[in-house]
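Visitor: As they're listed, the protein sequences go chains G and L. Quick note on numbering: our numbering labels position 94 of the first sequence as 784, and the sequence is numbered without any gaps. Quick note on numbering: our numbering labels position 112 of the second sequence as 135, and the sequence is numbered without any gaps. Here it is, the structure in full.
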Amino acid sequence: EPEVTQTPSHQVTQMGQEVILRCVPISNHLYFYWYRQILGQKVEFLVSFYNNEISEKSEIFDDQFSVERPDGSNFTLKIRSTKLEDSAMYFCASSYDPNTEAFFGQGTRLTVV
Amino acid sequence: GESVGLHLPTLSVQEGDNSIINCAYSNSASDYFIWYKQESGKGPQFIIDIRSNMDKRQGQRVTVLLNKTVKHLSLQIAATQPGDSAVYFCAERATSNTGKLIFGQGTTLQVKP
């Protein structure tokens, strides 16, 4: 069964450092997303991406965040200068179109120290 | 404003009983709803979805009911099993072409043997 894969599963970084979280969406999907979940809280939307550009982003997704699809299979989230409050689980998701189910990866746990 | 909420943070049921998890949403323009299951340390797993032109949809052991009049969504799990223990989130998708999902707070389902 096709699945969304994310690497690494856990990333520890120093405050102020840049991190890149990686995702391989399901191969025939066209819409890609990043969400985050702070421990014990609900899942929050960060950004949606289609046709090589951002289609919607949330208030959380400020200038410190960027996304990229560097090739035909990977989808990345970059945080330029991490802050303590960026510590969370980051989930990548993909869907074939915006009105069908989105499938989520297992997440990357980001810990900023 | 945009918000999706759940009525109960924790639901405890006996193995074999039926479970009902409720969700209230506020955006009357939302036309697509999804229930996700999240086990500890994992990403949200798609369970079932329903579109706003339907009142009920059944899957294997699960049924989703949508009441647009009162903006209420419920997930019914028949013959609850220990493997059903998880956090359940409802999510709504507003009528947009970006695929953004708005998640509720989540209900923890505990199944007692």
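Where a beta carbon is used, it is the ideal one built from N, C-alpha and C, also for glycine.
Can you check whether the CB of P788 of chain G is closer than 8 Å to the CB of G122 of chain L?
Guide: Residue 122 of chain L sits at position 99 when you count from the first residue of the second sequence. Residue 788 of chain G sits at position 98 when you count from the first residue of the first sequence. Against a cut-off of 8 Å, the Cβ pair of P788 of chain G and G122 of chain L comes out as a contact.
Visitor: Quick one: residues in its chain with C-beta nearer than 6 Å to the C-beta of Y740 of chain G, no 5 flanking neighbours on either side, listed in chain order?
Guide: Along the first sequence, one-based indexing puts residue 740 of chain G at 50. If we look at Y740 of chain G and ignore the five residues flanking it on each side, its Cβ neighbours are Y721.
Visitor: Tell me which same chain residues have a C-beta within less than 7 Å of the C-beta of P105 of chain L, skipping the five on either side of it?
Guide: As a working note, residue 105 of chain L is residue 82 in the second sequence. Here the set comprises E38, V134, P136.
Visitor: Can a CB atom of chain G be found closer than 8 Å to the CB of F56 of chain L?
Guide: To locate residue 56 of chain L, count along the second sequence from 1; it is residue 33. F56 of chain L does not count as touching chain G.
Visitor: Provide the residue(s) that pair with F781 of chain G in DSSP beta bridges, ordered along the chain.
Guide: Working through the first sequence from its first residue, we reach residue 781 of chain G at position 91. Note: F781 of chain G is bridge-paired with G:Y725 in the DSSP secondary-structure output.
Visitor: Three or more C-beta pairs closer than 8 Å, one from the region 94 to 101 of chain L and one from the region 34 to 54 of chain L: is that the case here?
Guide: yes
Visitor: Chain G beta carbons: is any one of them nearer than 8 Å to that of G24 of chain L?
Guide: Position 1 of the second sequence, counted from the first residue, corresponds to residue 24 of chain L. Unreliable positioning characterises G24 of chain L in this predicted model, as indicated by a pLDDT of 34, which lies under 50. The coordinate reading is nonetheless provided below. So, not an interface residue.
Visitor: Can the beta-carbon of T697 of chain G be found closer than 8 Å to that of T772 of chain G?
Guide: Residue mapping note: residue 697 of chain G aligns to position 7 of the first sequence, counting from 1. Residue mapping note: residue 772 of chain G aligns to position 82 of the first sequence, counting from 1. Contact: no.
Visitor: Got a sec: is the Cβ-Cβ distance from L124 of chain L to anything in chain B below 8 Å?
Guide: Absent here is chain B; the protein component of the structure consists of chains G and L.
Visitor: Pull up the DSSP beta-bridge partners for D19 of chain L, would you.
Guide: Because chain L is modelled from 24 through 136, residue 19 of chain L falls outside the range shown and cannot be assessed.
Visitor: Less than 8 Å between CB atoms is the rule here; does K94 of chain L satisfy it with respect to chain G?
Guide: Locating residue 94 of chain L in the second sequence gives position 71, counting from the first residue. No - not a single Cβ of chain G is within 8 Å of the one on K94 of chain L.
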